[in-house]
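Be aware that the sequence shown starts at 20, since it is given in my numbering, and climbs by one per residue. Worksheet: the structure to be examined is printed underneath.
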Amino acid sequence: MSAVRKVLGYDKGYSENVINSNKILVAWKLAVVDPVLHEPFRTRLSEIPIQYSTRFREAMTCRVWIKEELFHLDDEGFIKLIESIDDIEHDAIFSAMQNKVEGRQTVAKCSGTVA
């Protein structure tokens with residue numbers, strides 16, 4: 020029996036109702052992006068490789084892609100990180116675990132970025 024491999028891809032569509040998803044436990048505001056930069060921002064996100072991450076030394080998953088995204092967007096000035104990517108990841112995991120236990124969802128500003 021062979022395993023079915025999930026294919027990751029980037030969809031630059033827009034969703035106005037993420038908080039209505041029963042799968043989202045935490046949504047964080049990472050930055051305020053000037054509307055004139057929305058299209059370059061989307062384009063840059065679509066250019067982030069979906070392959071093995073040599074930077075984080077991990078196979079590509081949604082979690083690793085977000086870490087790559089944070090690195091590139093900070094490096095290129097789209098966002099400003101004030102904590103390490105590992106610290107941001109730890110905070111996100113902790114918040115999600117708390118929300119799961121408490122049966123809630125939260126939307127908040129990420130403390131690891133200037134937003």
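Glycine is no exception: its CB is placed at the ideal position from the N, C-alpha and C atoms. None of these values were measured; they are calculated from a predicted model.
Annotation: the continuous alpha helix (DSSP H) that includes T62 extends over 57-66.
In the same chain as M79, and ignoring 5 residues on each side of it, the C-beta atoms closer than 7 Å to its own belong to L27, I69, Q70, Y71, S72, in chain order.
The three-state secondary structure of V45, taken from DSSP, is strand. In the DSSP assignment, A127 falls within the beta strand (DSSP E) that extends over 125-128. In this chain, the alpha helix (DSSP H) harbouring F113 covers 104-121. From the listed residues D53, F90, F113, the smallest Cα separation to I67 is found for F90.
For V133, the closest alpha carbon among the candidates G96, N36, S65, K119 is that of G96.
Residue state for E88 is assigned as helix, using DSSP reduced to three classes.
One alpha carbon belongs to N118, the other to E58, and they sit about 33 Å apart.
Note that the segment 47-55 touches the segment 110-129; at least 3 beta-carbon pairs, one per stretch, sit closer than 8 Å. Around the beta carbon of C129, a 10 Å sphere encloses 16 or more other beta carbons of the protein chains shown; the residue is thus reported as buried.
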